[in-house]
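Read the sequence shown against my numbering and you will find it ends at 534, with the numbers running on by one and no gaps.
Note that beta-carbon positions come from the ideal geometry of N, C-alpha and C, so glycine has one too.
Let me begin by presenting the structure, written as structure tokens, before commenting on it.
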Amino acid sequence: MRSEDYAAAVPFHYPGTLSEERREQVDSLRVPIRDLTSDDLIYSMSRQIEGNFQTIYSVAEEIVGEDAAKEIAYQVGLRYGGAGYRKVLEANDATDGGSPRTMALYQDLVHYIRGPKHTSALFAEYDDERCIVRRKECLYYSDAAPSNGKYTGEFERGACDGYASVDPNLDHTEVHACRWRGDSGCEMHWVFKPGAASEGGSASSVTSA
């Protein structure tokens, strides 16, 4: 297994990394505007993304019920994953099909640009068959709302199917561990077809390992 060369060069002091005391101040809106820093802003925007997902899950369940809310979470993930991964395939001239490396490039980029909580997923590892991401925290799961974990799972399933919808070389996804299932961290494997750089194929399925 290997990671991209930038893994050794990217600084691990990520903007938006706050102390527990400062996080509590920002979360409770007890910081005057004049005292806000760029770290506060980055942290707060990342938290807003997380909070929006949890609010959407909860409101959807209240209005349409659990089964329909799960379908909404899946469909959001399907669009979210497919649209994002397609951009990286296009940027790397891989619209005919990606590879474990293109998936690693995508995972690293989106985990780096979406706030400090997502950086626990850095950096992806890959070989000729698969790309692996391990992380201790998940932007789409909240310890404050564990009952919403079932929607995180559906969002995740949709995102992985979205990847497969734009990449004929992606064979299947293996979920080895996930926070929403009660595991201490997440471990995802995206498994590609032999000769992935040149072969096409059908959409993948997501399995639990």
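With contacts defined by Cβ atoms closer than 8 Å, Val-351 and Ser-369 form a contacting pair. Secondary structure of Phe-480 (DSSP, three-state): helix.
Just so you know, the alpha carbons of Gly-423 and Asp-496 end up roughly 11 Å apart. As summarised for the region 415-496, the continuous beta strand (DSSP E) elements at least 3 residues long and confined to that stretch are 455-460, given in chain order. His-443 and Pro-519 have their alpha carbons spaced roughly 30 Å apart.
Here Val-356 carries a coil assignment [DSSP, helix/strand/coil]. Counting only the Cα atoms, Glu-479 lies some 14 Å from Leu-464.
Under the DSSP assignment, Met-326 falls outside any beta strand (DSSP E); it carries neither an H nor an E label.
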